[in-house]
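Visitor: This structure is in structure tokens; I'll ask about it shortly.
Protein chains: 2
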Amino acid sequence: MSGGVEWGLHCCVVLCGAGEPVPAAKLAKLHDVSPSYLAKQLQLLSKAGLVRSTQGQSGGYRLTRDAAEITMLDVVEAIDGPQPAFRCTEVRRRGPMAVPPERCATPCPIARVMDSADRAWRESLRVVTIADLAAEVDTTTPRELLDRARAWLSA
Amino acid sequence: MSGGVEWGLHCCVVLCGAGEPVPAAKLAKLHDVSPSYLAKQLQLLSKAGLVRSTQGQSGGYRLTRDAAEITMLDVVEAIDGPQPAFRCTEVRRRGPMAVPPERCATPCPIARVMDSADRAWRESLRVVTIADLAAEVDTTTPRELLDRARAWLSA
DNA sequence: GAGCGCCTACTCGGATATCCGCTGTCCGAGTATGAGTGG
DNA sequence: CCACTCATACTCGGACAGCGGATATCCGAGTAGGCGCTC
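Chains as they are written, first to last, in this note's numbering: chain D, 1 to 155; chain X, 156 to 310.
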């Protein structure tokens with residue numbers, strides 16, 4: 001999986017806590033990652049409609065809707081793409097013993113199981129929202145650290 | 156995911172039905188794929204202990220144990236490796252607002268959810284065996300085609 | 001005819017090129033801000 | 001004092017290189033089977 005997914009998720013959590021637009025450069029510095037590359041991930045989030053960008057001074061990114069309405073799956077699919085990891089190439093229709101297409105009404109059993117596993121994976125990500133992540137961070141991090149981070153973001 | 160996973164699974168199903176060792180070249184021709192590259196996947200299966208190779212004339216690959224004792228997850232992990240797709244880089248410990256390591260007793264919430272999803276995915280693959288796949292192929296494919304394939308393999 | 005040795009052909013195994021996608025970077029388009037100026 | 005204009009600096013967005021891993025390939029090591037020779 002693309003490593004940018006992790007960055008995108010962390011950025012969404014940060015944006016959830018920030019009340020004002022946050023520039024990509026500040027998010028990059030906060031996480032100590034490449035600003036240019038993080039910008040690309042944020043653009044993907046923007047194209048997916050999860051975040052909205054504002055240009056000019058005091059501009060930046062902010063969430064388009066409440067964090068409770070954004071799932072981890074939304075972010076993952078925005079950055080990694082919605083296509084499943086496994087793609088059936090219909091091996092059974094090739095070679096000297098190829099199954100004729102009219103006999104392939106039912107999908108390949110292998111593909112079916114793979115799709116089932118993929119759905120289970122996605123479902124696990126769909127039931128967790130950015131708000132859930134932010135809440136867990138809030139409860140497990142000392143308040144002093146959170147306040148410092150808020151102040152640093154606003155500065 | 157590596158495309159060779161699909162080939163490896165199909166090969167295991169074929170080996171399940173074949174009573175004698177099958178050479179890699181024959182498996183490749185049957186599926187109409189690159190013999191050299193398929194050989195690499197079979198070597199991975201061999202290293203994982205799922206299949207056993209026999210050299211010399213009338214040699215080839217055969218399963219090391221009953222197909223009911225080999226899960227799809229075994230094959231997937233043998234070829235794609237056992238490491239999860241998502242790897243947490245501990246972003247929270249970096250940057251100006253880094254969380255001190257002693258405060259990181261609990262894993263990053265994002266990583267926890269990702270690991271949970273990964274376990275769900277693997278569990279979906281663990282409950283299906285090669286024997287299950289072979290049984291489904293047997294019931295959904297016309298007997299005449301199956302017999303032709305058997306004969307072609309033995310020839 | 002039986003046993004032995006060798007030879008051949010076939011098999012796998014690992015080392016070797018090639019290509020595509022993720023990673024990382026840059027510069028141009030667009031806009032909110034703020035100062036400056038005129039009424 | 002207010003409103004308008006403009007210059008500025010900051011923002012995002014898309015286009016451009018670099019590298020690692022998956023893809024694809026090849027040749028050498030090793031072995032089972034078969035043939036021929038000898039006894």
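Built from N, CA and C at the ideal position, the CB exists for glycine as well.
Leu42 of chain D and Val268 of chain X - do their beta-carbons sit closer together than 8 Å?
Guide: Along the second sequence, read from residue 1 onward, the residue named residue 268 of chain X stands at position 113. Along the first sequence, read from residue 1 onward, the residue named residue 42 of chain D stands at position 42. Result no, Cβ atoms of Val268 of chain X and Leu42 of chain D do not sit closer than 8 Å.
Visitor: Please compile the residues from chain D whose C-beta is within a distance smaller than 8 Å of the C-beta of Glu291 of chain X.
Guide: Here the question's residue 291 of chain X lines up with position 136 in the second sequence. Simply Pro109.
Visitor: In three-state DSSP terms, what is Arg65 of chain D?
Guide: For the purposes of this step, residue 65 of chain D is identified with residue 65 of the first sequence, where counting begins at 1. Coil at Arg65 of chain D, not helix or strand.
Visitor: Can you tell me which of the three DSSP states Val188 of chain X falls into?
Guide: What you label residue 188 of chain X is simply residue 33 of the second sequence in a count that begins at 1. Note: Val188 of chain X maps to coil in three-state DSSP.
Visitor: Please check if any C-beta of chain D sits within less than 8 Å of the C-beta of Cys171 of chain X.
Guide: Counting from one through the second sequence, the residue named residue 171 of chain X turns up at place 16. No, Cys171 of chain X does not count as interfacial toward chain D.
Visitor: My output table needs one value for Ser224 of chain D: the three-state DSSP class, helix, strand or coil.
Guide: The structure shown does not extend to residue 224 of chain D, since chain D is modelled only from 1 through 155, so no value can be given for it.
Visitor: Can a CB atom of chain D be found closer than 8 Å to the CB of Glu161 of chain X?
Guide: In the second sequence, the residue the question calls residue 161 of chain X occupies position 6. So, interface residue.
Visitor: I'd like to know if Asp32 of chain D contacts chain X, where contact means its C-beta is closer than 8 Å to some C-beta of that chain.
Guide: In the first sequence, the residue the question calls residue 32 of chain D occupies position 32. It does: the Cβ of Asp32 of chain D has a partner Cβ on chain X nearer than 8 Å.
Visitor: I'd like the list of long-range same chain contacts for Val99 of chain D, defined as Cβ closer than 8 Å, with 5 residues on each side in sequence excluded.
Guide: Counting from one through the first sequence, the residue named residue 99 of chain D turns up at place 99. Here the set comprises Arg92 and Arg93.
Visitor: Please look up how many angstroms separate the CB atoms of Glu161 of chain X and Cys88 of chain D, rounded, as I've assumed it's under 8 Å.
Guide: Counted from its first residue, the second sequence places residue 161 of chain X at position 6. Counted from its first residue, the first sequence places residue 88 of chain D at position 88. Glu161 of chain X to Cys88 of chain D, Cβ: 7 Å. Contact.
Visitor: Examine chain X for any beta-carbon lying closer than 8 Å to the beta-carbon of Pro23 of chain D, and answer yes or no.
Guide: As a position in the first sequence, residue 23 of chain D is number 23, starting the count at 1. Cβ-Cβ to chain X under 8 Å: no for Pro23 of chain D.
Visitor: Whose C-alpha, out of X:Leu218, X:Pro256 and X:Cys263, is nearest the C-alpha of Ala135 of chain D?
Guide: On the first sequence, residue 135 of chain D is found 135 positions in, with the first residue counted as 1. Comparing Cα-Cα distances from Ala135 of chain D to each of X:Leu218, X:Pro256 and X:Cys263, the minimum goes to X:Cys263.
Visitor: Counting Cβ pairs closer than 8 Å, one from the segment 197-211 of chain X and one from the segment 113-122 of chain D, do we hit at least three?
Guide: Taking 8 Å as the limit for Cβ pairs, the verdict is that the segment 113-122 of chain D does not touch the segment 197-211 of chain X.
Visitor: Measure the Cβ-Cβ separation of Asp80 of chain D and Met1 of chain D and say whether it is below 8 Å.
Guide: Start at 1 with the first residue of the first sequence, and residue 80 of chain D comes out as number 80. Start at 1 with the first residue of the first sequence, and residue 1 of chain D comes out as number 1. A contact, by the Cβ cut-off of 8 Å.
Visitor: Spell out whether any CB of chain X is found under 8 Å from the CB atom of Pro96 of chain D.
Guide: Position 96 of the first sequence, counted from the first residue, corresponds to residue 96 of chain D. It does; some Cβ of chain X falls within 8 Å.
Visitor: Anything in chain D within Cβ reach of Val283 of chain X, meaning under 8 Å, just list it in chain order.
Guide: Position 128 of the second sequence, counted from the first residue, corresponds to residue 283 of chain X. What Val283 of chain X touches in chain D: Val113.
Visitor: Pick from D:Val13, D:Asp32, D:Gly4 and D:Gly3: whose alpha carbon is nearest that of Leu146 of chain D?
Guide: Within the first sequence, residue 146 of chain D is the residue found at index 146, counting from 1. The option with the nearest alpha carbon to Leu146 of chain D is D:Val13.
Visitor: Which two residues bound the contiguous alpha helix (DSSP H) that contains Arg207 of chain X?
Guide: As a first step, residue 207 of chain X is located in the second sequence; it is residue number 52 there, counting from the start. Here Arg207 of chain X belongs to no alpha helix (DSSP H); instead the beta strand (DSSP E) covers Val206 to Thr209.
Visitor: Would you mind giving the Cβ-Cβ distance between Gly250 of chain X and Asp32 of chain D, rounded to the nearest angstrom? I have them listed as a contact below 8 Å.
Guide: One-based indexing of the second sequence puts residue 250 of chain X at position 95. One-based indexing of the first sequence puts residue 32 of chain D at position 32. Right, their Cβ atoms sit about 4 Å apart.
Visitor: By DSSP, does Val128 of chain D sit in helix, in strand, or in coil?
Guide: To locate residue 128 of chain D, count along the first sequence from 1; it is residue 128. Looking at Val128 of chain D - three-state DSSP - the assignment turns out to be coil, as it is neither helix nor strand.
Visitor: Run through DSSP, which three-state label would Thr140 of chain D get?
Guide: In the first sequence, residue 140 of chain D corresponds to position 140, counting from 1. Looking at Thr140 of chain D - three-state DSSP - the assignment turns out to be helix.
Visitor: For the alpha helix (DSSP H) containing Val76 of chain D, name the first residue and the last one.
Guide: As a working mapping, residue 76 of chain D is identified with position 76 in the first sequence. It spans Met72 to Asp80 - the alpha helix (DSSP H) in which Val76 of chain D sits, taken as one unbroken run.
Visitor: How many Å lie between Glu232 of chain X and Ala78 of chain D at the Cα?
Guide: Here residue 232 of chain X refers to the residue found at position 77 of the second sequence. Here residue 78 of chain D refers to the residue found at position 78 of the first sequence. Each residue's Cα considered, the two are about 27 Å apart.
Visitor: Put Val254 of chain X into one of helix, strand or coil per three-state DSSP.
Guide: Along the second sequence, read from residue 1 onward, the residue named residue 254 of chain X stands at position 99. In this structure, Val254 of chain X counts as coil in the three-state DSSP scheme.
Visitor: Report the rounded CA-to-CA distance for Leu30 of chain D versus Ala18 of chain D, giving the unit in angstroms.
Guide: Here the question's residue 30 of chain D lines up with position 30 in the first sequence. Here the question's residue 18 of chain D lines up with position 18 in the first sequence. Going from the Cα of Leu30 of chain D to the Cα of Ala18 of chain D covers about 13 Å.
Visitor: Helix, strand or coil for Gly4 of chain D? Go by DSSP, reduced to three states.
Guide: On the first sequence, residue 4 of chain D is found 4 positions in, with the first residue counted as 1. Here Gly4 of chain D sits in helix by DSSP.
Visitor: Report the residue from D:Gly56, D:Thr141, D:Cys11 and D:Glu90 whose alpha carbon sits nearest the alpha carbon of Pro44 of chain D.
Guide: Your numbering for residue 44 of chain D matches position 44 in the first sequence. Pro is not the amino acid found at residue 44 of chain D; the sequence shown has Leu there. Of D:Gly56, D:Thr141, D:Cys11 and D:Glu90, the residue nearest in Cα terms is D:Cys11.
Visitor: Of all the residues that make up the segment 57-72 of chain D, which are near chain X by a beta-carbon distance shorter than 7 Å?
Guide: Within the segment 57-72 of chain D, the qualifying residues are Met72.
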